[in-house]
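Numbering (this note's numbering), first residue to last: 14 to 337. Virtual Cβ for every residue (Gly too), placed ideally from N, Cα, C. Heads up: the structure comes next, in structure tokens.
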């Protein structure tokens, strides 16, 4: 075997016949379903990790228990992001964030149809995660709600960042939403700028194996420092959580004007960060690193095999199995 021979998983570890048959389906008609589920799983991981820790923090404060902290919440979200990026995105080829999906669509790297499908998947994943966490924490949520009723502060606290609904929906106590928008915009701009730099193929300081950790730690930084004023950072997490609280508690949990601010601010912030990165930091004369060339070669080999398998099934090509 030559040193440059591409080794496929089927050669290294043959799969059972039923999985081989399923792979033929997922490469053809079922590829959209697989992509959708993988993208939804990415935001599920991110939300499941961070919101679960948030639940401990909020409920612990109400019940007088030391269950979590802002430090723990930031670490949990960071680990959830690593889980999402390393496990799911190699299958979904998505972004786990609507703002980056929109950015890819504007750049011509993602079709509007696929972008819509990815965004719906992202929101669904976060929504399911919030409902799962609610069931897991149901007993403690009921206890905390009873405490608020007993103290006569249910109406004042329940649908705030300090209340049980604040575990899933994002609320702010500051009525001056201009400061909230500024905080959200700055944090999202910084996040996006780092992400664009981390995934840059010419960045020798951020090889593919390090990029998920760089992105995750940047999320942790903004959570540690800037979540108290109010921070969404990911529209899928916010919209999915907002739909969850509406499902659980009705329209009174909507979040008023902040709902739109949290859901939409990170989109222009991400677009501007992308433009800023391309104009200031990127340079087409830089050389692509060997690590990224290896990753690109592996992905190209994978796509080639999928196209060939589709052609062999019905005698005609159905186009790229991993479309824009």
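Is the Cβ-Cβ distance between residue 64 and residue 178 less than 8 Å?
no
Run the CB neighbour count on residue 111, radius 10 Å, all protein chains shown included, and call it buried at 16 or more, exposed below.
buried
Beta-carbon proximity check, residue 295 vs residue 201, cutoff 8 Å
no
Helix, strand or coil: which one does DSSP assign to residue 251?
helix
Terminal residues of the alpha helix (DSSP H) in which residue 116 lies:
111-119
DSSP three-state assignment for residue 287, whether helix, strand or coil
helix
Considering only residues of the region 30-117, which uninterrupted alpha helix (DSSP H) runs meet the minimum length of 4 residues and lie entirely inside it, listed in chain order?
30-40, 44-76, 83-96, 102-105
Check each candidate in 261, 207, 214 and name the one with the smallest Cα separation from residue 229.
207
So, with DSSP's three-state summary, where would you put residue 122?
coil
Should residue 75 go down as buried or exposed, given a rule of 16 or more other Cβ atoms within 10 Å for buried?
buried
Sub-8 Å separation of residue 225 and residue 145 beta-carbons:
no
Flag this pair as touching only if the region 22-38 and the region 82-90 have three or more C-beta atom pairs under 8 Å; answer yes or no.
no
Per DSSP, what kind of secondary structure is residue 165 in: helix, strand or coil?
coil
Assuming residue 283 contacts residue 116 under a Cβ cut-off of 8 Å, what Cβ separation, rounded to an integer in Å, is found between them?
6 Å
Any chance the region 118-137 sits against the region 241-255, with 3 or more Cβ pairs inside 8 Å?
yes
Would you be able to state if there are at least three C-beta pairs under 8 Å between the region 300-307 and the region 211-225?
yes
Measuring only the C-alpha atoms, how far is residue 161 from residue 238?
28 Å
Suppose you measure from the CA of residue 333 to the CA of residue 320; what does that come to, to the nearest Å?
Per-residue confidence for residue 333 stands at a pLDDT of 41, beneath the threshold of 50, marking its modelled position as unreliable; no derived number is given.
Identify which residue in 273, 150, 242, 70 has its Cα closest to the Cα of residue 193.
242
Mapping DSSP to helix, strand and coil, what is residue 218?
coil
C-alpha distance - residue 129 paired with residue 315, whole-angstrom precision
25 Å
In terms of residue numbering, what span does the alpha helix (DSSP H) encompassing residue 196 cover?
190-211
Report the rounded CA-to-CA distance for residue 205 versus residue 89, giving the unit in angstroms.
20 Å
Grouping DSSP H, G and I as helix and E and B as strand, with all else coil, what is residue 149?
helix
Between which residues of its own chain and residue 69 is the CB-CB distance below 6 Å, once the five residues before and five after are set aside?
80, 81
With a threshold of 16 other CB atoms inside 10 Å of the CB of residue 105, please say whether the residue is buried or exposed.
buried
Local conformation of residue 238 per DSSP, three classes:
helix
Are residue 58 and residue 101 close, meaning C-beta to C-beta below 8 Å?
yes
Which one of 93, 114, 158, 103 has the shortest CA to CA distance from residue 72?
158
Could you give the distance in angstroms between the alpha-carbon of residue 236 and the alpha-carbon of residue 27?
43 Å
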